[in-house]
Amino acid sequence: MSYGWFFVLEILIKRRVLKAGMAHMKFNYSYILLGLFIVVFGLRMILSLQTESFSDSESYYTLRQAQAIHETGLPWYEDPLSYGGRFLPSLFLFYYIVALFSFFLEPVIAGKIVMNLIASLITFFVFLITNKITQNRK
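Residues in the sequence shown are numbered from 9 upward in steps of one, following the numbering used here.
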């Protein structure tokens, strides 16, 4: 979605369409990358905060796990709401992060912020991967 602007800017810089004085300087992508991250994170937050609740049942499972960690310090390993109990194997680091944010914010908002923050961090990984692939290897 917003990655196309990064490539357009890179082409414009290489073709010297932008300032001629910038062509001989080594270009620092950190400001563009930070701006792109802020735009992506902002758009994701605007779209996700337009609803009061989550959009699927998986999110409520995340919310329940984060609330259990917030209250007891441990996640649920067995689901007390299912018939006869059900074992819940999972990686609990994400739930601990959401529980940490829920100390300061409402749990639904904390879940939305953490999910959108992690999804927006993909911009940095995409930049690192494309930078590694497109390096001049002479």
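Where is the CB? At the ideal position from N, CA and C, for every residue including glycine. Remember, predicted model here, so these are calculated numbers, not experimental data.
(message) If I follow the unbroken alpha helix (DSSP H) through N139, where does it start and stop?
(response) Translated into positions along the sequence shown, residue 139 becomes position 131. Start and end: I130 to I141.
(message) Considering only their Cβ atoms, is the gap separating Q73 from V116 smaller than 9 Å?
(response) The count along the sequence shown starts at 1 and reaches residue 116 at position 108. The count along the sequence shown starts at 1 and reaches residue 73 at position 65. Against a cut-off of 9 Å, the Cβ pair of Q73 and V116 comes out as no contact.
(request) Please say whether K120 and L57 have beta carbons closer to each other than 9 Å? (result) Residue mapping note: residue 57 aligns to position 49 of the sequence shown, counting from 1. Residue mapping note: residue 120 aligns to position 112 of the sequence shown, counting from 1. The answer is yes: Cβ separation under 9 Å.
(request) Report all residues from its chain with a CB closer than 7 Å to the CB of V122; omit the five preceding and five following residues, and keep chain order. (result) Translated into positions along the sequence shown, residue 122 becomes position 114. Here the set comprises I105, V106 and F109.
(request) Taking 9 Å as the cut-off, decide whether the C-beta atoms of T131 and V48 are in contact. (result) By one-based count along the sequence shown, residue 131 stands at place 123. By one-based count along the sequence shown, residue 48 stands at place 40. Yes, the pair counts as a contact, with Cβ atoms nearer than the cut-off.
(message) According to DSSP, is E114 part of a helix, a strand, or is it coil?
(response) The residue you call residue 114 lines up with position 106 of the sequence shown. DSSP places E114 in coil when its eight states are reduced to three.
(request) Go through its chain and collect everything with a Cβ distance to M53's Cβ below 6 Å, but skip five positions before and after it. (result) Position 45 of the sequence shown holds residue 53. Correct list, in chain order: N124.
(request) Find out if the Cβ-Cβ distance for the pair L55, F135 is shorter than 9 Å. (result) Position 47 of the sequence shown, counted from the first residue, corresponds to residue 55. Position 127 of the sequence shown, counted from the first residue, corresponds to residue 135. Their beta carbons are not under 9 Å apart, which means L55 does not touch F135 by this criterion.
(request) Answer with buried or exposed for M9, where buried requires no fewer than 16 other C-beta atoms within 10 angstroms of its C-beta. (result) If you number the sequence shown from 1, residue 9 lands on position 1. In this predicted model, M9 has a pLDDT of only 49, less than 50, meaning its place in the structure is not dependable enough to derive any value.
(request) Compute the Euclidean distance between the alpha carbons of A127 and T142, then round it to the nearest angstrom. (result) Counted from its first residue, the sequence shown places residue 127 at position 119. Counted from its first residue, the sequence shown places residue 142 at position 134. So the two alpha carbons sit approximately 24 Å from each other.
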